Amino acid sequence: MIEKYKIKDGICVHHTDDRAYLKINDFLKSNIINNCLIVCIGTDRFIGDSLGPLTGTLLSKLELQIPIFGTLENPIHAVNLRRAMTQINNSYKNHKIIAIDACLGSSKSVGYIHVKEGSIQPGKGVGKSLSKVGDYSIIGVVDEAVESGDSEYENYIRINNVRLGLVMKMSETIAKGIYAAFRQ
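In our numbering, the protein residues as written are 229 to 412.
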C-alpha cells in the first residue's frame, strides 16, 4: 500500500497533470543514463492489476532501444515472477531495472504515479509475499486500500473492481514519460 511506500528522492504526480509525463521523463533522465530495462508487473485478469502489462504493451509498440518485459500477451505476475526475474537477471547482468506495478493507497492518493529510486514488493497489498523487484520503481495508485477487518481479502476484491479507464490513462501517462526519456 502506498502509505508504506516512502517517497525519497523521487516524484509524485497525478496522472491528469498536463506535465505528468514530463516529470516522469525528467526523473528518469536525471537518474538513469543507460543500460536499463523495464519490468512491468501484473495481470490482465484483474483490471486493477493490469497497469503493468498495459504499460508494457504500450511501450512494446514504440521504437525504444531498451528491453521491455511484461505485456498483456506475456505478463509477469505472482505465478511466474521468480522465474522471469531469474531469466532477466541472467541475461542482463549489468542493467538497472525499472519496475512498474499498480498498488492501493488512501482515497486521496488514487490516480497518483510515484517514481523513485528503490525496489517494489509486488502483491504486498493483497497479502502475497513476493520478491522485491527493481532498482527504480514506478507505482500507480489505482484504488483505495482497506485497512481494517479482513483487509487482505477486501483489498483483493478492490483490485478486481477498479475502473479500466483510470488504469488506461495512468498507463498512457507512464508510457509517454518513459518514451520521452528513452527515445533516440
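From the three backbone atoms N, C-alpha and C, an ideal C-beta is built for every residue, glycine too. Here the structure is a predicted model, which is why all the values come from computation and not from measurement.
Between residue 325 and residue 366 the beta-carbon gap is near 11 Å, outside 8 Å, which marks them as no contact. Rounded to the nearest whole angstrom, the C-alpha separation of residue 253 and residue 287 is 14 Å. Its chain contains 241, 242, 341, 401 and 405 as the residues whose beta carbon lies nearer than 8 Å to that of residue 248, once the 5 sequence neighbours on both sides are disregarded; these appear in chain order.
Ranked by Cα distance from residue 348, the first of 334, 339 and 359 is 359. Note on residue 335: under 16 other CB atoms within 10 angstroms of its CB, so exposed under the neighbour-count rule. Nearest to residue 331 by alpha-carbon distance, out of 297, 258, 280 and 368, is 368. In this structure, the beta-carbon distance from residue 303 to residue 329 does not fall below 8 Å. By the criterion of a C-beta distance shorter than 6 Å, residue 295 is surrounded in its chain by 265, once the five residues flanking it on both sides are discounted. A residue is called buried once 16 or more other Cβ atoms fall within 10 Å of its Cβ, and residue 393, having fewer, is exposed. Non-local beta-carbon contacts of residue 362 in its own chain, meaning distances under 7 Å to residues more than five positions away in sequence, involve 267, 325, 326, 327, 347 and 348 in chain order.
DSSP assignment within the segment 231-286 yields the following whole beta strand (DSSP E) runs of 3 residues or more, N-terminal first: 238-242 and 264-268.
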